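Numbering of the sequence shown is given in our numbering, commencing with residue 7 and proceeding in unit increments. Every residue gets a Cβ at the ideal spot worked out from N, C-alpha and C, and that includes glycine. Given the structure is predicted, the values throughout are model-derived calculations rather than measurements. Presented below is the structure to which this report refers.
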Amino acid sequence: MAELKCILWDVDGTLADTEGDGHRVAFNMAFDEAGHKREWDVPTYGELLAVTGGKERIKFDIERGDMCEMPYDEIAALHARKTEHYQNLIAEGRIPLRPGVRRLLEEAYAAGITLGVSTTTTPSALDALIEHSLGKEWFDRFAVLAAGDIVPDKKPAPDIYTYAMDQLGMKAENTIALEDSENGWKSANAAGLKCVVTVNDYTREHDFSGADLVVSELGEPDREAVEVMQNSHDLDVHHVELKHLHAIMKD
Ligand code: XBP
Ligand code: MG
């Protein structure tokens with residue numbers, strides 16, 4: 007039983023559905039531009055999401071024989087172009103926040119809860135999403151933006167959560183994670199955090215055994231109730247509110 011002081015947000019799939027229409031499209035644009043005969047369709051990209059990190063994902067596709075061999079600096083350059091394409095797609099305003107994200111962020115910020123980001127994504131890709139989908143004021147409202155290669159091991163390793171908590175001087179017992187994927191949940195769990203999962207089309211069938219609450223989305227008060235798929239604390243949920251996060255921490 008502990009007090010909720012901090013919420014750490016995952017980005018891709020949690021703040022916004024960035025994977026299918028954002029990252030995937032940007033990877034394909036970079037592949038095409040560089041003359042690689044490879045296109046990641048929606049189901050293929052779903053498989054590849056098991057590998058976190060864009061550079062790691064390309065490397066995996068090469069190692070399994072679906073892309074031509076290239077040295078690591080070429081992978082890094084290809085990924086840098088992908089990030090530029092991604093930033094442009096985000097700047098076009100194509101990817102809105104998921105339902106309830108802004109509402110819960112605002113509620114938590116107004117309540118004085120420390121807010122941070124813990125993501126596998128490249129920092130400049132995160133910056134684009136904050137600027138164009140959330141709003142520039144959130145650069146100051148998030149107390150930490152933990153992203154990408156800042157830690158050696160990406161999710162499902164706990165490193166990015168541990169790093170964010172270290173930066174904030176927060177303890178795991180006072181921090182909750184918001185995630186969308188099995189790798190994200192495993193990362194948060196390995197860091198000792200409680201976790202609420204909002205699934206999406208790519209992650210609906212993932213294994214979230216042990217997560218505190220698994221829902222279809224955070225939801226909104228004026229929309230139909232969210233689908234509750236796992237409810238370890240017997241919460242009464244129409245849409246996920248700060249009171250539910252407090253209740254999970256206190257249980
Ligand atoms: C999602 C990821 C990322 C993105 C692509 O992580 O695994 O790799 O798919 O971003 P999270 P990059 O849900 O933790 O944000 O190409 O910038 O790696
Ligand atoms: Mg995610």
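### Task
Report whether the distance from the Cβ of Val243 to the nearest heavy atom of the ligand XBP is below 8 Å.
In the sequence shown, the residue the question calls residue 243 occupies position 237. Because no heavy atom of the ligand XBP lies under 8 Å away, the Cβ of Val243 does not count as near it: no.
#### Entry: Own chain, CB closer than 6 Å to Lys200, minus 5 neighbours either side, in chain order
Along the sequence shown, one-based indexing puts residue 200 at 194. So the qualifying residues of the chain are Ile182, Asp218 and Ile254.
### Query
Under the rule that 16 or more other beta-carbon atoms within 10 Å means buried, what is Phe145, buried or exposed?
As a position in the sequence shown, residue 145 is number 139, starting the count at 1. Exposed, by the Cβ-count rule.
### Message
On a Cα-Cα basis, can you pick out the residue from Ala149, Ser187 and Glu9 that is closest to Arg171?
### Response
For this step, residue 171 is matched to residue 165 along the sequence shown. A quick correction: the sequence has Met, not Arg, at residue 171. Cα-wise, what sits closest to Met171 is Ala149.
### Message
Measuring straight from C-alpha to C-alpha, what distance separates Asp121 and Thr127?
### Response
Position 115 of the sequence shown, counting from 1, holds the residue named residue 121. Position 121 of the sequence shown, counting from 1, holds the residue named residue 127. First, the amino acid is wrong: residue 121 is Leu here, not Asp. One C-alpha to the other measures close to 18 Å.
### Query
Does the ligand MG have a heavy atom nearer than 8 Å to the CB of Ser222?
To locate residue 222, count along the sequence shown from 1; it is residue 216. Ser222 has its Cβ no nearer than 8 Å to any heavy atom of the ligand MG.
### Query
Among the residues of its own chain, which have a CB less than 7 Å from the CB of Pro158, if the five just before and after it don't count?
For this step, residue 158 is matched to residue 152 along the sequence shown. Contacts found: Asp165.
### Message
If we require 3 or more residues per run, which beta strand (DSSP E) segments fall completely within the segment 162-244?
### Response
Segments of the beta strand (DSSP E) lying fully in the segment 162-244: 181-185, 200-204, 219-221 and 234-237.
### Task
Please go through the segment 43-127 and give each complete beta strand (DSSP E) segment of 3 or more residues, from N-terminal end onward.
Fully enclosed beta strand (DSSP E) runs of no fewer than 3 residues occupy 120-125 of the segment 43-127, in order along the chain.
#### Entry: Distance between Leu241 and Thr58 (C-alpha atoms, nearest Å)
For this step, residue 58 is matched to residue 52 along the sequence shown. For this step, residue 241 is matched to residue 235 along the sequence shown. Approximately 31 Å between the Cα atoms of the pair.
### Task
Drop a sphere of 10 angstroms on the beta-carbon of Glu230, count the other beta-carbons inside from all chains shown, and report buried for 16 or more, exposed for fewer.
The count along the sequence shown starts at 1 and reaches residue 230 at position 224. So Glu230 counts as exposed.
### Message
Between Tyr51, Lys142 and Asn34, which has its C-alpha nearest His91's C-alpha?
### Response
Here residue 91 corresponds to residue number 85 of the sequence shown, with the count starting at 1. Ranking Tyr51, Lys142 and Asn34 by Cα distance to His91 puts Asn34 first.
### Per DSSP, cross-strand counterpart(s) of Val150
As a position in the sequence shown, residue 150 is number 144, starting the count at 1. According to DSSP, Val150 shares a beta bridge with Gly122.
### Message
Any residue with its Cβ nearer than 5 Å to a heavy atom of the ligand MG should be included. What is that list in chain order?
### Response
Counting only residues whose CB is nearer than 5 Å to a non-hydrogen atom of the ligand MG, the list in chain order is Asp16, Asp18, Gly19, Asp186, Ser187 and Gly190.
### Query
Counting only beta-carbon atoms, is Val57 nearer than 9 Å to chain C?
Among the chains in the structure shown there is no chain C, since it carries only a single protein chain.
### Query
Can you tell which of Pro227, Glu233, Gln93 and Val220 has the C-alpha that lies nearest to the C-alpha of His239?
Taking the first residue of the sequence shown as 1, we reach residue 239 at position 233. Measuring from the Cα of His239, the nearest candidate turns out to be Val220.
### Task
Label Glu101 either buried or exposed according to how many other C-beta atoms from any shown protein chain fall within 10 Å of its C-beta, with 16 as the threshold for buried.
Locating residue 101 in the sequence shown gives position 95, where the first residue counts as 1. Going by the sequence as given, residue 101 is Ile instead of Glu. Its Cβ being crowded by 16 or more others within 10 Å, Ile101 is buried.
### Task
Use the C-beta contact count for Cys74: other C-beta atoms within 10 angstroms, 16 or more gives buried, fewer gives exposed.
In the sequence shown, residue 74 corresponds to position 68, counting from 1. With fewer than 16 other Cβ atoms within 10 Å, it is exposed.
### Query
At a cut-off of 8 Å, is Arg100 close to the ligand XBP when judged by its beta-carbon and the heavy atoms of the ligand?
Residue numbering aside, residue 100 sits at position 94 when the sequence shown is read from its first letter. No - the ligand XBP has no heavy atom lying nearer than 8 Å to the Cβ of Arg100.
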